[in-house]
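One structure is given here, and the rest of the page talks about it.
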Amino acid sequence: MAEKFPDLILVTILAVAAIAVPLLAGDYYTSFSTEIAIVVLMLSSYRIVVLTGEWSFAHVVLQGVGAYTAAIMVKDYGASFPIVLLAGAAASAIIAGILSFPLLKMRGFYFLMGTFGAAEAIRLIWRKMKYFGGTRGFSGISAPYLDFAGFQIDFGKPLNFYLLTLAIVALCLFIIWLIERGRLGKIWRTIEQQDLLAQAVGIDTRRYRRVAFVISAAFAGVAGVLLAYAFGSVTPNRFNLNFALYLMIWAIVGGTRTFYGVIFGGIILMIFDESLRFAEELRPGIYGIILILVMLFRPQGLESLSSLIPFGKTGNSSLNGRDTKEAHECH
1 MAEKFPDLIL
11 VTILAVAAIA
21 VPLLAGDYYT
31 SFSTEIAIVV
41 LMLSSYRIVV
51 LTGEWSFAHV
61 VLQGVGAYTA
71 AIMVKDYGAS
81 FPIVLLAGAA
91 ASAIIAGILS
101 FPLLKMRGFY
111 FLMGTFGAAE
121 AIRLIWRKMK
131 YFGGTRGFSG
141 ISAPYLDFAG
151 FQIDFGKPLN
161 FYLLTLAIVA
171 LCLFIIWLIE
181 RGRLGKIWRT
191 IEQQDLLAQA
201 VGIDTRRYRR
211 VAFVISAAFA
221 GVAGVLLAYA
231 FGSVTPNRFN
241 LNFALYLMIW
251 AIVGGTRTFY
261 GVIFGGIILM
271 IFDESLRFAE
281 ELRPGIYGII
291 LILVMLFRPQ
301 GLESLSSLIP
311 FGKTGNSSLN
321 GRDTKEAHEC
331 H
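For what it's worth, the UniProt record's numbering labels the leading residue of the sequence shown as 1, then goes sequentially.
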């Protein structure tokens with residue numbers, strides 16, 4: 001019970017800081033805070049795959065699936081924001097489910113390379129097919145607008161859209177937190193640490209890795225929808241290999257052992273990344289140096305700096321007897 005208090009304090013601090021940003025800053029920093037919130041959701045959803053012991057190059061492209069779904073539904077069908085949000089999540093989850101059948105026959109490095117090939121194939125489709133706008137993609141995606149019983153909110157204003165994004169991201173993070181603390185999260189961590197043991201007690205490891213891949217894709221789809229609305233445009237270059245690599249580096253630097261590692265890492269590194277705009281050509285080299293330093297001196301990432309504070313504890317990292325029995329009975 002005591003472990004919940006540090007979590008509550010941390011969430012309160014983050015919430016106050018997040019809400020205070022638009023009150024103290026202008027539209028530029030409010031829009032930048034929207035980007036940070038989207039990246040935090042991307043990193044937290046990416047971590048779901050990492051919990052099973054895998055790393056993927058496809059997560060950014062799955063975000064792109066959500067973004068392209070939003071662009072098509074808004075421009076071609078004039079769909080409302082709630083429908084677009086659900087459709088983006090569903091589209092990304094469906095594509096991930098299809099990809100999971102060939103990809104999850106592989107493990108480790110082969111899985112990583114498989115996701116790279118799948119991601120490049122999807123990007124090629126976006127670039128070559130006119131239906132997806134080719135290399136130019138889509139532009140002019142109108143912002144959400146709420147008009148209910150005389151109550152109107154224009155989410156085209158940076159402050160309003162930031163608060164909308166913040167609310168959606170907070171809800172998604174809460175759901176991810178609940179999933180991780182539940183039996184699914186325990187099974188995923190057991191698969192990462194003791195794959196053969198998990199199979200020995202009757203757990204279908206491939207099935208649970210597929211579940212993780214699809215769930216993470218659904219949240220990436222939500223992030224993609226928010227990104228499409230935030231920028232008002234979608235292009236294939238926004239989801240290229242560079243962004244996939246940066247996402248992976250941010251996850252490693254932030255730390256993936258605790259729920260809060262990628263959140264803090266995402267916020268800190270996004271602010272740092274913004275400071276590198278003056279040195280665009282040096283950015284890859286700087287990130288390379290950061291990655292090497294972290295691997296040498298802080299292999300657990302920035303989250304290890306808060307090791308004295310019990311943030312992000314999620315209980316046992318493996319199945320206990322009861323969990324093992326439940327997992328066995330579900331087969």
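The C-beta atom is built at its ideal place from N, Cα and C for all residues, glycine as well.
Indicate whether residue i and residue j have their beta-carbon atoms separated by less than 9 Å.
i, j, result
"V234", "L291", "no"
"L104", "F213", "yes"
"F151", "F81", "no"
"S216", "L62", "yes"
"P238", "G137", "First, the residue type needs correcting, since residue 238 is Arg and not Pro in the sequence shown. In contact: R238 and G137 (Cβ atoms closer than 9 Å)."
"V60", "F231", "no"
"T30", "V21", "yes"
"E180", "I19", "no"
"G108", "G53", "yes"
"F132", "I125", "yes"
"G265", "L43", "yes"
"L296", "F57", "no"
"P144", "L159", "no"
"Y46", "L247", "yes"
"L269", "W250", "yes"
"G117", "R127", "no"
"E280", "F32", "no"
"A15", "A121", "no"
"E192", "L51", "yes"
Note down, in chain order, each residue of its chain lying with its Cβ closer than 7 Å to the Cβ of residue i, except the 5 sequence neighbours on either side.
i, result
"R257", "Q300 and E303"
"A93", "V214, A217, A218 and G221"
"I65", "Sequence inspection shows Val at residue 65; the Ile mentioned does not correspond to that position. Correct list, in chain order: A91, S92, I95, G221 and G224."
"I166", "Residue identity check: residue 166 is Leu in the sequence provided, not Ile. Within the same chain, L166 has close Cβ partners A18 and A37."
"T115", "S56, F57, A58 and L103"
"I153", "L146 and N160"
"V74", "V84, I141 and S142"
"R298", "S304"
"P236", "R123, W126, R127, T135 and G137"
"residue 403", "With the chain covering 1 to 331 only, the question about residue 403 has no answer from this structure."
Provide the residue span of the alpha helix (DSSP H) that contains residue i, from first to last.
i, result
"I153", "Element bounds for I153: not the alpha helix (DSSP H) but the beta strand (DSSP E), F151 to D154."
"R107", "Premise fails: R107 is in no alpha helix (DSSP H) and is neither H nor E."
"P158", "P158 to R181"
"Q300", "Careful: Q300 lies outside any alpha helix (DSSP H) and carries neither H nor E."
"F57", "Run containing F57: none; DSSP gives neither H nor E here."
"I48", "D27 to V50"
Cutting at 6 Å between CB atoms, please list the residues of its own chain near residue i, excluding the five before and the five after it.
i, result
"F161", "F155"
"S139", "S233"
"A70", "V84, G88, V225 and A228"
"I176", "S44"
"L282", "none"
"G261", "G254, G255, G301 and E303"
"E206", "At residue 206 the sequence reads Arg, which differs from the Glu that was named. The answer, listed in chain order, is L104."
"M106", "G114"
"E35", "none"
"V294", "V253"
"A119", "F57, A58 and V61"
"Y287", "I249"
Grab me the residues of residue i's own chain with a C-beta within less than 8 Å of its C-beta, minus the 5 sequence neighbours each way, in chain order.
i, result
"L173", "V40, L41, S44 and I263"
"K130", "none"
"I271", "I36"
Would you say the beta carbon of residue i comes nearer than 8 Å to a heavy atom of the ligand FAD?
i, result
"S45", "The ligand FAD is not part of this structure, which contains no ligands at all."
Fill in: Runs of alpha helix (DSSP H) wholly within the region 186–225 (minimum 4 residues, chain order)
195–200
Practice prompt. Take every Cβ of the region 24–44, pair it with every Cβ of the region 85–105, and state whether three or more of those distances are shorter than 8 Å.
Written response: No, the region 24–44 is not in contact with the region 85–105.
Worksheet item: Counting Cβ pairs closer than 8 Å, one from the region 220–228 and one from the region 80–94, do we hit at least three?
Response: yes
Worksheet item: Of all the beta strand (DSSP E) runs that stay within the bounds of the region 219–295, which reach a length of 3 or more residues?
Response: none
Fill in: 4-residue-minimum alpha helix (DSSP H) runs that sit fully inside the region 72–133, ordered along the chain
81–103 and 108–128
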